[in-house]
Amino acid sequence: MKTFTLMIAAAMVVAGPAVTPAFAAPPASAAADYAVGAQYDTTHVYVPQDQFDTFVASFVATFGGTTSKQGEFQVTPTPSLTKSQLVLTPSGTVSVFGFKTPIPYPFGDERTGYLTTDLDAAVTSAVAHGAVRRLESFPDPIGRDSVIQWPGGVNMQLYWHTAKPNYAPLTTVPENRIYLTADAAPAFLKSWTGFAHARIMADDKAAPGAEIGEPGKTIRRVSLDSGYGKMVVYVSDGQLPWPYGRDMTGYEVTDLAATLAKAGAAGVETLVEPFATGQRQSAIVRFPGGYIAEIHSDKVG
0 MKTFTLMIAA AMVVAGPAVT PAFAAPPASA AADYAVGAQY DTTHVYVPQD
50 QFDTFVASFV ATFGGTTSKQ GEFQVTPTPS LTKSQLVLTP SGTVSVFGFK
100 TPIPYPFGDE RTGYLTTDLD AAVTSAVAHG AVRRLESFPD PIGRDSVIQW
150 PGGVNMQLYW HTAKPNYAPL TTVPENRIYL TADAAPAFLK SWTGFAHARI
200 MADDKAAPGA EIGEPGKTIR RVSLDSGYGK MVVYVSDGQL PWPYGRDMTG
250 YEVTDLAATL AKAGAAGVET LVEPFATGQR QSAIVRFPGG YIAEIHSDKV
300 G
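Counting along the sequence shown from 1, when you hit position 86 you're at 85 in numbering that gives the first Met the number 0, and nothing is skipped either side.
Okay, structure coming up:
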């Protein structure tokens, strides 16, 4: 059975990084940190299979980078078939799926895939910190996979490789963008910071609501960093205008205008025109196939 992690293995061949021997798993502990590094984390992008190649081409045209060899695999523990490919860019990696069969539950709404040093121990730790398993962990020829859910309905995949991959660090680390109400945010933040050993880099309890399409309101914006990469949690009344809340990942670039020009030439639609907030200039775009993402430059001249 071939699973999500098979695409990572294929990417190692294409991108050319060395593969080191399998590393010893630490003992399972709620206090241990099982992160490997942000360069091993991917956003999961599901697109119609007939728009698969167009999406991949547009993503590479926008951010640069390389791809793994495209293939058709069973990436779930129950029968299914999908096109699958990794797109590795300096601004972050996506795992792309174009299912040719119906997508088995619970796959399709997990936002990210995170490499861990020990899957079973990581899942045990996640559960100890308030997550629930959405299915039993399942093996594949090169590792193991699981899907979990955090308070607030935040779904993630955790996975493990028999042989440790060795990727160069990203030029810029993308943000996992999470939208929650005040009912869910405290439990999620407690769970995630405990599991991921995440540091709260900023906690603005009176950020401008215009950042998420709610001008005239204030929101809470929490920025975190961990071995799993960056995360920003927006806490609001949940009355979000489209497309806010549909953007799972924010990509940092050096020149936003130049990146949007490349994106537009590749068929990417700008849904929210660039706007400035503090020292950030931000826009929201939609790629062919429907993937919605935020793109930003963190320093406005």
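Cβ coordinates follow ideal geometry from the N, Cα and C atoms, glycine included.
Just so it is clear, the structure is predicted and the values come from calculations on it, not from any experiment.
When the Cα atoms are used, what is the spatial distance from residue i to residue j?
i	j	result
Leu85	Thr161	19 Å
Ala31	Gly266	44 Å
Val284	Leu118	34 Å
Met230	Val146	19 Å
Pro103	Gly277	43 Å
Leu239	Lys189	24 Å
Ala183	Ala264	40 Å
Arg279	Thr77	44 Å
Gly63	Ser296	16 Å
Lys68	Val55	12 Å
Tyr290	Thr61	13 Å
Cutting at 8 Å between CB atoms, please list the residues of its own chain near residue i, excluding the five before and the five after it.
i	result
Leu80	Glu71, Phe72, Gln73, Phe98, Lys99, Thr100
Gly208	Pro214, Gly215, Lys216, Thr217, Ile218, Ser235
Gln48	Thr81, Lys82, Gly97, Phe98, Lys99
Quick check on DSSP: helix, strand or coil for residue i?
i	result
Ser124	helix
Val55	helix
Gly129	coil
Lys99	coil
Ser136	coil
Leu239	coil
Asp119	helix
With a cut-off of 8 Å on the beta carbons, I'd call residue i and residue j a contact; round off their distance for me.
i	j	result
Tyr233	Ile199	14 Å between Cβ atoms; not a contact.
Quick one: give me the first and last residue of the alpha helix (DSSP H) that residue i is part of.
i	result
Leu270	Looking at the DSSP string, Leu270 is not in any alpha helix (DSSP H); the run it does join, the beta strand (DSSP E), is 268–276.
Lys204	Element bounds for Lys204: not the alpha helix (DSSP H) but the beta strand (DSSP E), 198–207.
Leu259	255–264
I need the boundaries of the beta strand (DSSP E) containing residue i, first residue and last residue.
i	result
Phe72	70–72
Gly226	No beta strand (DSSP E) contains Gly226, which DSSP labels as neither H nor E.
Thr248	248–251
Leu85	81–88
Ala186	Note, Ala186: premise wrong, no beta strand (DSSP E); alpha helix (DSSP H) at 184–195.
Below 6 Å CB to CB, which residues in the same chain sit around residue i once its five sequence neighbours on both sides are set aside?
i	result
Ala34	Gly226, Tyr227
Trp149	Ala130, Phe187, Ser190
Ala195	Ser225, Tyr227
Ala168	Here residue 168 is Pro; the residue named in the question, Ala, does not match the sequence. These residues qualify, in order along the chain: Gln38.
Glu268	Arg285
Go through its chain and collect everything with a Cβ distance to residue i's Cβ below 7 Å, but skip five positions before and after it.
i	result
Ser222	Met200, Ala201, Val231
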